[in-house]
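474 is the number of the first residue of the sequence shown in my numbering; add one for each residue after it.
I have placed the structure first, in the form of structure tokens, so that the comments after it can refer back to it.
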Amino acid sequence: LYTIAISLAGGVAIFGSIFNTIWTPKAFLLHKNGKLNSHIVNKMVVAVSLIGLLFVSIIFVLSPVLSLFFPKKYISIIYLLPLLVLPTLFYTVAEVSGIGISITKNTTKMIYVSCISLILHFILSMLLIVKLGALGAAISIAVAFYFYLLLKTFFAAKVWSKSFSKLGLGINLICLMYSLAIGFRWI
């Protein structure tokens, strides 16, 4: 069940990869030309976050239609999908909000971000998978990636811009809460 759901959510990763492939060189070019600042980064964070919220909402709205494509025993995939697209969304937003880490070449911060997120994912997985199964796995990875986003954003603000988009982080928190609510409908 989880494997099928994660495969479907993997289609979203294509869009995230395309965006990240375009964003990073563009951000470095803007920085080189003195045109990249926290205002532009924060606008991009909000824009990408809103697109993610829209995408999660579309999955939810279309869930009755999507359920027609699955046999009855796989219907619960619909409730996992919003949670499983969040890691791609949060990673993409983190690439935007955390660009300051790359610009300042302060990449040792990424070791902390990655390790903390990995440890959190491991702990949540151990606690939640036993109790909730596939839903627990989806929750643990979504929450770990949200913390990845938070940590990368805060470290980038510390080393580069001294500011971050509270609105963007709030929109992503809404995505997480909304997806959790959808996921818990499954139980």
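We treat Cβ as the ideally placed atom computed from N, Cα and C, and that holds for glycine.
If you're wondering where the values come from, they're calculated on a predicted model, not measured in any experiment.
Could you please give the first and the last residue of the uninterrupted alpha helix (DSSP H) stretch that includes residue i?
i: Ala478; result: Tyr475 to Lys505
i: Asn515; result: Ser511 to Val534
i: Ser613; result: Ala607 to Ala629
i: Val651; result: According to the sequence displayed, residue 651 carries Tyr and not Val. Lys639 to Arg658 is the span of the alpha helix (DSSP H), which, as asked, contains Tyr651.
Is residue j closer than 7 Å to residue i when the C-beta atoms are compared?
i: Ser638; j: Asn515; result: yes
i: Ser522; j: Gly656; result: no
i: Gly525; j: Leu562; result: yes
i: Ser536; j: Ile551; result: yes
i: Ser634; j: Ser540; result: no
i: Val616; j: Leu597; result: yes
i: Val566; j: Val632; result: no
i: Lys582; j: Ile572; result: no
Between the Cα of residue i and the Cα atoms of the options, which residue gives the shortest distance?
i: Leu649; options: Gly573, Val529, Leu591 and Ser549; result: Val529
i: Ile491; options: Glu568, Arg658, Ile596 and Thr581; result: Glu568
i: Ala486; options: Ser540, Leu554 and Leu502; result: Leu554
i: Ser743; options: Leu556, Met583, Ile548 and Ile495; result: The shown model of the chain, from 474 to 660, leaves out residue 743, and the question about it has no answer.
i: Leu608; options: Thr580, Ala654 and Ile531; result: Ala654
i: Ser636; options: Ile513, Thr580 and Tyr621; result: Ile513
In angstroms with no decimal places, state the Cα-to-Cα distance between residue i and residue j.
i: Tyr564; j: Thr497; result: 13 Å
i: Met599; j: Ser613; result: 9 Å
i: Ala629; j: Gly484; result: 28 Å
i: Leu559; j: Ser590; result: 14 Å
i: Ala610; j: Lys499; result: 35 Å
i: Ile477; j: Ile644; result: 27 Å
i: Tyr475; j: Lys508; result: 43 Å
i: Phe501; j: Ile576; result: 7 Å
i: His431; j: Leu601; result: Absent from the structure is residue 431, since the part of the chain shown begins at 474 and ends at 660.
i: Phe488; j: Leu624; result: 23 Å
i: Ile479; j: Thr626; result: 26 Å
i: Lys578; j: Leu527; result: 33 Å
i: Ile592; j: Lys604; result: 19 Å
i: Phe533; j: Ala482; result: 13 Å
i: Ile415; j: Asn493; result: In the structure displayed, the chain extends from 474 to 660; residue 415 sits before or after that span and is not available.
Taking only runs that begin and end inside the stretch 570-594, name each unbroken alpha helix (DSSP H) of 4 or more residues, in chain order.
-> Counting only unbroken stretches of 4 or more residues, the alpha helix (DSSP H) elements lying wholly within the stretch 570-594 are 572-576, in sequence order.
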